[in-house]
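For the sequence shown, our numbering begins at 33 and goes up steadily by one.
Even for Gly, the Cβ is constructed at its ideal location relative to N, Cα and C.
Source: prediction; values computed, not measured.
What follows is a set of notes on a single structure, which appears directly below.
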Amino acid sequence: MNKLQIARVAHEVNRAYCASLGDTTQPSWDDAAAWQRDSAIAGVEMHLADPDATPEQSHEAWLEQKVADGWTFGTVKDAEKKEHPCFLPYDELPAEQKAKDYLFRGVVHALSSMPQDVGPQPSNGDAAQVHGTEVQYIGRRETHTDGLYGTGSWTKGQTKVVPPALAAKMAKHGDVFKAGSTSATPAAAAAAALVAENPNRSESEEEIQRMDELKAQIGTMNKAGLRDFAKTHYQQQIDGRLSTEDTRAKVVALVNQYGPQ
């Protein structure tokens, strides 16, 4: 888990503890003010950086930050006045507050030491369930950069192994890619996994944003600009007798089919 997730859980544990004592005023993580979240995250960072730090040291670090931010003691927590009832030396804190500090520390260390969940690993008997499908680039160009599915650069006739689901999507562009055989060999599975983990695949927000920006740009072009764009970027000659909107539709179709070029 990352530090934001750990801070969220630690906050909710402390909120539940407060509720058990009759204090139901503590906000949920989603409703917490920015300063509350920042305080929890800072506490997580401190315990991760120094696993031997005690709850007392955690409180001292919190107190120092509050002093720097202009907070003072107040019998009731008030963010506008910057007053807090825990603005005290650790020894003067009530037992309930010390318990919260211990709970917070315990949650941080418990969650940070959890093994990463990598999912069930296939046994030998399940090996056939891990597949990779060959895809060949058959487009017009000698080289092609796949910006739509994130499979990288291709040369004419090149074959790569990708996950079957991705191969099915790519095969829809029959004049660019051709799907081949599916293999369950370890090498094929490993190759497919590398493509599947590519951070630039079409599902990424970055790729969607690029497509949206390009289409917005196309939406401002005149007919001559649209025809020139299609010829320059996609080597396509659009009939000059078409209307501007029909020409624009042709260009958008090229972008949808081949991705940004």
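Checklist line | Coarse secondary structure for Trp186, derived from DSSP in three states | finding: The residue labelled residue 186 in the question sits at position 154 within the sequence shown. Strand, per DSSP.
Check: What first and last residue would you give for the beta strand (DSSP E) that runs through Gln168?
Finding: Translated into positions along the sequence shown, residue 168 becomes position 136. Here the beta strand (DSSP E) through Gln168 covers Gly164 to Tyr169.
Next item on the list: Spatial neighbours of Asn46 within its chain, please: CB distance less than 8 Å, with the 5 preceding and 5 following residues excluded, ordered by chain position.
Entry: Working through the sequence shown from its first residue, we reach residue 46 at position 14. The answer, listed in chain order, is Gln58, Lys132, Leu135 and Phe136.
Check: Is it right to say Ser236 is buried, meaning 16 or more other beta carbons lie within 10 angstroms of its own, or is it exposed?
Finding: For the purposes of this step, residue 236 is taken as residue 204 along the sequence shown, with counting starting at 1. Low confidence applies here, because Ser236 scores a pLDDT of 46, under 50, leaving its location unreliable; read the following figure in that light. With fewer than 16 Cβ atoms within 10 Å of its Cβ, Ser236 is classed as exposed.
Check: Who are the near neighbours of Gln289 in its chain, counting only those whose CB is closer than 8 Å to its CB and skipping five residues on each side?
Finding: Indexing the sequence shown from 1 puts residue 289 at position 257. Answer for Gln289: His205 and Val208, listed in chain order.
Notebook entry, point to check: Short check: CB of Leu246 to CB of Gln268, under 8 Å?
Noted result: Taking the sequence shown and counting its residues from 1, the one referred to as residue 246 is at position 214. Taking the sequence shown and counting its residues from 1, the one referred to as residue 268 is at position 236. Their beta carbons are not under 8 Å apart, which means Leu246 does not touch Gln268 by this criterion.
Check: How should Trp103 be labelled, buried or exposed, when 16 other C-beta atoms within 10 angstroms of its C-beta is the threshold for buried?
Finding: Within the sequence shown, the letter at position 71 stands for residue 103. The residue in question, Trp103, is buried, as its Cβ has 16 or more Cβ neighbours within 10 Å.
Next item on the list: Mind checking who Ala110 pairs with in its DSSP beta bridge?
Entry: Along the sequence shown, one-based indexing puts residue 110 at 78. Reading the sequence as shown, one finds Asp at residue 110 and not Ala. Partner(s): Glu115.
Next item on the list: Just the C-alpha distance for Lys201 and Gly171, rounded to the nearest angstrom, thanks.
Entry: Within the sequence shown, the letter at position 169 stands for residue 201. Within the sequence shown, the letter at position 139 stands for residue 171. Each residue's alpha carbon lies about 16 Å from the other.
Next item on the list: Have a look at Glu128, Lys113 and Glu166 and flag the residue whose alpha-carbon is nearest the alpha-carbon of Ala48.
Entry: As a first step, residue 48 must be located in the sequence shown, where it is residue number 16. If we check each option's Cα against that of Ala48, Glu128 comes out closest.
Notebook entry, point to check: Where Ala100 and Ala42 are concerned, what is the direct C-alpha to C-alpha distance, given to the nearest angstrom?
Noted result: The residue labelled residue 100 in the question sits at position 68 within the sequence shown. The residue labelled residue 42 in the question sits at position 10 within the sequence shown. So the two alpha carbons sit approximately 24 Å from each other.
Notebook entry, point to check: With a Cβ-Cβ cutoff of 8 Å, do Ala262 and Val283 count as a contact?
Noted result: Walking along the sequence shown from the start, residue 262 turns up at place 230. Walking along the sequence shown from the start, residue 283 turns up at place 251. Yes. Within cutoff.
Next item on the list: Starting from Val194, follow its DSSP beta bridges and name the residues at the other end.
Entry: Taking the sequence shown and counting its residues from 1, the one referred to as residue 194 is at position 162. Paired residue(s): Thr165.
Next item on the list: Starting from Asp178, follow its DSSP beta bridges and name the residues at the other end.
Entry: As a working mapping, residue 178 is identified with position 146 in the sequence shown. Gly184, per the DSSP bridge assignment.
Checklist line | Residues near Val76 in its chain [Cβ-Cβ closer than 7 Å; skip 5 each side] | finding: Residue mapping note: residue 76 aligns to position 44 of the sequence shown, counting from 1. These residues qualify, in order along the chain: Lys35, Ile38, Ala39, Ala42 and Val140.
Check: Is Gln97 near the ligand NAP, going by C-beta to nearest heavy atom under 7 Å?
Finding: Although the ligand NAP was asked about, the structure shown includes no ligands whatsoever.
Item checked: Three-way DSSP call (helix, strand, coil) for Gly212 in this model -> For this step, residue 212 is matched to residue 180 along the sequence shown. Gly212: strand per DSSP, three-state reduction.
Check: Hey, out of Asp84, Gly54 and Ala93, whose CA is closest to Ile7's CA?
Finding: Beyond the ends of the chain as shown, which are 33 and 293, falls residue 7; an answer cannot be given.
Next item on the list: Starting from the C-beta of Tyr122, find all residues in its chain whose C-beta is less than 7 Å away, skip the five residues before and the five after it, and write them out in chain order.
Entry: Walking along the sequence shown from the start, residue 122 turns up at place 90. Within the same chain, Tyr122 has close Cβ partners Glu88, His91 and Glu92.
Notebook entry, point to check: Ser185 and Thr191: beta carbons closer than 8 Å?
Noted result: On the sequence shown, position 153 is the one that residue 185 refers to. On the sequence shown, position 159 is the one that residue 191 refers to. It is not a contact, given that the beta carbons lie outside the stated cut-off.
Next item on the list: Let me know if Arg280 comes out buried or exposed under the rule of 16 or more other beta-carbons within 10 Å of its beta-carbon.
Entry: As a first step, residue 280 is located in the sequence shown; it is residue number 248 there, counting from the start. Buried, since its Cβ has 16 or more Cβ neighbours within 10 Å.
Margin query: In the DSSP assignment, the alpha helix (DSSP H) including Gly138 goes from what residue to what residue?
Written below: By 1-based counting over the sequence shown, the position of residue 138 is 106. Run containing Gly138: Ala127 to Ser144, per the alpha helix (DSSP H) assignment.
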